[in-house]
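All remarks here apply to the structure that follows.
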Amino acid sequence: MGEGMPTMLYDHGAVPICRAERGGRVESVHLGHAVVVGPDGVREAWGDPSAAIFPRSSCKMFQALPMLEAGLDPGPERLALACASHDGAAIHTGRVGAWMRDLGLSDDDFRCGAHEPKDRAARDALIRSGEGPRQVHNNCSGKHAGFLAMTKHLGAGPDYVDPGHPLQRAVRAAFEEVTGEESPGYGIDGCSAPNFVCTLEGLARGAMRFATAREGDARGRAMIAAREAMMRHPDLVAGEGRACTVLMRATSEPVALKTGAEGVFLAILPGRGLGVAVKAADGATRAAESAVAEILVRLGALDPAHPGARAFRDPVQRNWRGIETGRIAPAL
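Residue numbering for the sequence shown is 3 to 334, as defined by this note's numbering.
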């Protein structure tokens, strides 16, 4: 853990954000926090927007800023992957692999570690080939390719995930500037990079700044490039059937969405100049997905009747025989 880590009681002041229903009764309730931030401050909040959280992968577009502000332009597809938690499908690993080759680097240069791809076809292909997963299959390999591009630009050492590395010092500075907060510390993420603590309101404030960015300076251009890449390539940001990809396709206006582990979700709404952040106190992904979809509906950016919205806002639950047993429902 990082220096000065505060006590992070996510259930303190938390409110119901999602419930599971069965047989016409409430079976489970997920507590959490959510906040909508505009240029004038907090527009609406549920629970405690000052709760300190690990943003996890929801802040990958923040982490890409040093690369972009240095003038490195990987192109929209690679930039979307730098902001992605991808499934390790061929459309993801093929592009990340090509990026690494263009950098003159190999899989061994990653510091994210290897895990099986979430994409079933890619996983089955590995099994049939008798090969094990490589680091390029890691859902964060696109972010790490971006890290390596910036590391090469800096002429810095190979251990780019070390919190004291010049790259991570630049990431922290950008993170604190965008959230408007001095981070009290960090934890090590699943991909081995430091993940800096912020408040939920700070995370939403950062999303709002991406939403309201203008072309006037390097930071504004970087923010616009990141959000546009995500909205242009939702299939690269996550994968087929995943909430980020499905909801970005379903919204009635351009919205950039990014999930994070342990029940975090972030939304950037450029047309409204708003940022949204959600944290499920128990870390439940289904709760964060339902809550962010509900907020998008409340803001008028998502039709609740759209199949993509129904898949995550209030999905029907079925058992192994296909019998409808209940549903997940938003509870904000």
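The C-beta atom is built at its ideal place from N, Cα and C for all residues, glycine as well.
Distance between residue j and residue i (C-alpha atoms, nearest Å)
i	j	result
D351	E23	The chain is shown from 3 up to 334; residue 351 falls before or after that span and cannot be answered.
H308	R216	31 Å
W48	I297	11 Å
P160	K154	9 Å
G4	A54	Below a pLDDT of 50, predicted positions are generally treated as unreliable, and G4, at 44, falls in that range; the measurement from the model is reported next regardless. G4 and A54: Cα-Cα distance of roughly 14 Å.
A175	L205	14 Å
D13	L105	44 Å
P306	G166	45 Å
M293	M250	The question names Met, but residue 293 in the sequence shown is Ala. Whole-angstrom Cα-Cα distance: 15 Å.
F56	F198	6 Å
A123	Q137	17 Å
G6	R323	Low confidence applies here, because G6 scores a pLDDT of 46, under 50, leaving its location unreliable; read the following figure in that light. Going from the Cα of G6 to the Cα of R323 covers about 51 Å.
L81	R234	11 Å
S185	E178	6 Å
G132	D126	10 Å
A158	P196	17 Å
G328	A289	15 Å
C142	Y188	18 Å
P317	E326	11 Å
R97	R58	23 Å
Cut-off 7 Å between Cβ atoms - residues of its own chain near residue i, not counting five sequence neighbours on either side
i	result
L156	P168 and L169
A172	P68
R312	none
G335	Residue coverage of the chain in this structure runs from 3 to 334, which leaves residue 335 outside it and unanswerable.
8 Å contact criterion, which residue i and residue j should meet: CB distance rounded
i	j	result
A91	G241	6 Å
A147	M102	6 Å
P51	T201	7 Å
G208	G277	7 Å
A303	E255	5 Å
A331	R27	Not really, about 12 Å apart at Cβ, beyond 8 Å.
A245	F314	5 Å
E71	R221	6 Å
P272	A213	5 Å
D284	H94	The Cβ separation is near 29 Å, so there is no contact.
Cβ-Cβ distance between residue i and residue j below 8 Å
i	j	result
G310	V248	yes
V281	G34	The question names Val, yet the displayed sequence has Lys at residue 281. It is a contact, given that the beta carbons lie within the stated cut-off.
L74	A151	yes
H88	G144	yes
V257	A86	no
P18	A333	yes
Own chain, CB closer than 8 Å to residue i, minus 5 neighbours either side, in chain order
i	result
N140	G90, F112, C114, G115, A116, H117, H146 and C193
S60	L205, K260, T261, G262, V266, F267, L268 and A279
V38	V44, R45, E46, A47, A206, L276, G277, V278, I297 and L301
Residue-level contact to chain B via CB, residue i, 8 Å cutoff
i	result
A258	In the structure shown, chain B cannot be found, because there is only a single protein chain.
6 Å Cβ shell around residue i - same chain, five flanking residues per side excluded
i	result
V180	F64, G208 and R211
T253	A303 and L304
V163	R113, S194 and A195
E291	A245 and F314
Handout entry: Ordered list of alpha helix (DSSP H) runs contained in the stretch 150-209, each at least 4 residues
Key = Qualifying alpha helix (DSSP H) stretches, in chain order: 168-181.
Problem - Runs of alpha helix (DSSP H) lying entirely within the stretch 36-95, each at least 4 residues, in chain order - result: The stretch 36-95 contains these whole alpha helix (DSSP H) runs: 62-65, 67-71 and 78-84.
Practice task
May I have a chain-ordered list of the beta strand (DSSP E) segments no shorter than 3 residues that lie completely inside the stretch 264-326?
Solution key: You should have 266-271, 276-282 and 318-320.
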